[in-house]
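Chemist:
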Amino acid sequence: MNPSDSVNVPTSAITVRQLCYSWPTGAQVLKSCSLAVPQGEFWMLLGTNGSGKSTLLRLLAGLLASQSGEIALQGRVGFVFQNPDHQLVMPSVGADVAFGLVEDQLSLTEVRQRVVDALSAVKLQELQRRPIYALSGGQKQRIAIAGALARQCQVLLFDEPTALLDPDSQLDLVSQVRSLVKSRGITALWVTHRLNELDYSDGAFLLSGGRVVAAGDPEPLKQRLMQQIDT
Ligand SMILES: Nc1ncnc2c1ncn2[C@@H]1O[C@H](COP(=O)(O)OP(=O)(O)OP(=O)(O)O)[C@@H](O)[C@H]1O
Ligand SMILES: [Mg+2]
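Counting from 1, position 18 in the sequence shown corresponds to residue 18 in the UniProt record's numbering; the numbering is continuous, with no gaps.
1. Can you list, in chain order, the stretches of the beta strand (DSSP E) that have 3 or more residues and sit fully within the stretch 48 to 84?
2. Residue 28 bridges to which residues according to DSSP?
3. Please report the Cβ distance between residue 130 and residue 78, rounded to the nearest whole angstrom; I am assuming they are in contact, meaning their Cβ atoms lie under 8 Å.
4. Between 215, 141, 209 and 224, which has its C-alpha nearest residue 244's C-alpha?
5. Kindly provide the chain-ordered list of residues whose Cβ lies closer than 7 Å to any non-hydrogen atom of ligand 2.
6. For the beta strand (DSSP E) containing residue 216, list its first residue and its last residue.
7. Less than 7 Å separating the Cβ of residue 49 from some heavy atom of ligand 1?
8. Judging by CA-CA distance, which residue of 202, 23, 19 and 182 is the nearest neighbour of residue 68?
9. Which residue marks the beginning of the alpha helix (DSSP H) containing residue 147, and which one marks its end?
10. For the candidate residues 43, 55 and 45, whose alpha-carbon lies nearest to that of residue 29?
11. Tell me whether the beta-carbon of residue 82 lies closer than 8 Å to the beta-carbon of residue 187.
12. For a test of your reading of the model: does the CB of residue 43 fall under 7 Å from any non-hydrogen atom of ligand 1? Yes or no.
13. Tell me where the alpha helix (DSSP H) around residue 92 begins and ends.
14. I'd like to confirm something about residue 27: is its beta-carbon nearer than 7 Å to some heavy atom of ligand 1, or not?
15. If you draw a straight line from the alpha carbon of residue 199 to that of residue 218, how long is it in whole angstroms?
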């Protein structure tokens, strides 16, 4: 390759090379799985139930220890789960967003500023004092995202964040995440079964048999998966 060509090669913020993972039972979930998400892009990960999507995300987030292969991430990682009730731990919105900042040892003024900035990024600044129990599912997911933004995460991982949302909140969330990715230079990997969400992505991966079997433009992948559902 001509050295000048490298200028046009996008940098990957999420890189997985030949990752393997087996459960203690011996069941192998990932078999030399590789993928790369370019920095500043919003990619989706699809695959049938049990294909290993959540396992892969947990490995990326460091919630599971990898066994062989490589994982490289550029920047701090935030994780948004399918069920926000498993993620939001404090009684109020502001306290929950601030909770993730404890380890950063910031001053009170800095914490307040980070919380205000993160809540305004997800357009929920007015809910800062609201108890968590009084939020809708979509609002809870946005609070979980605000927590990651407050921690200045550059890589966001989403494991079916819209699975429990109604169709309107679903599309609000996916479009808002796309805007955040584009306005803040964040890189996001989003697991979904909902094919209409692919319209908001820059690209998509299909996980099957423990490895990525298709990657790239979301539209052909969407057509292929829709045909599989129809037949
Ligand atoms: N803690 C565990 N111990 C043993 N096997 C597990 C464990 N968690 C998941 N598995 C198995 O690993 C495989 C992959 O599971 P995973 O949850 O990653 O799939 P997924 O693609 O996220 O599925 P879904 O679309 O249903 O969320 C499945 O066969 C599952 O039964
Ligand atoms: Mg899963």
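For glycine and all other residues, C-beta sits at the position ideal for the given N, C-alpha and C.
Modeler: To lay it out plainly:
1. Every beta strand (DSSP E) of 3 residues or more that sits fully in the stretch 48 to 84 is shown, in chain order, as 68 to 73 and 77 to 80.
2. 22, per the DSSP bridge assignment.
3. At roughly 21 Å, the Cβ-Cβ gap does not stay under 8 Å, so residue 130 and residue 78 are not in contact.
4. The chain is shown from 1 up to 231; residue 244 falls before or after that span and cannot be answered.
5. Having a Cβ closer than 7 Å to some heavy atom of ligand 2 are 53, 54, 159, 160 and 191.
6. Segment 211 to 216, the beta strand (DSSP E) holding residue 216.
7. The answer is yes for residue 49.
8. Cα-wise, what sits closest to residue 68 is 19.
9. Note, residue 147: alpha helix (DSSP H), 137 to 150.
10. The alpha carbon of residue 29 has as its nearest neighbour, out of 43, 55 and 45, the alpha carbon of 55.
11. Result no, Cβ atoms of residue 82 and residue 187 do not sit closer than 8 Å.
12. No.
13. Run containing residue 92: none; DSSP gives neither H nor E here.
14. Under cutoff, so the answer is yes.
15. Approximately 7 Å between the Cα atoms of the pair.
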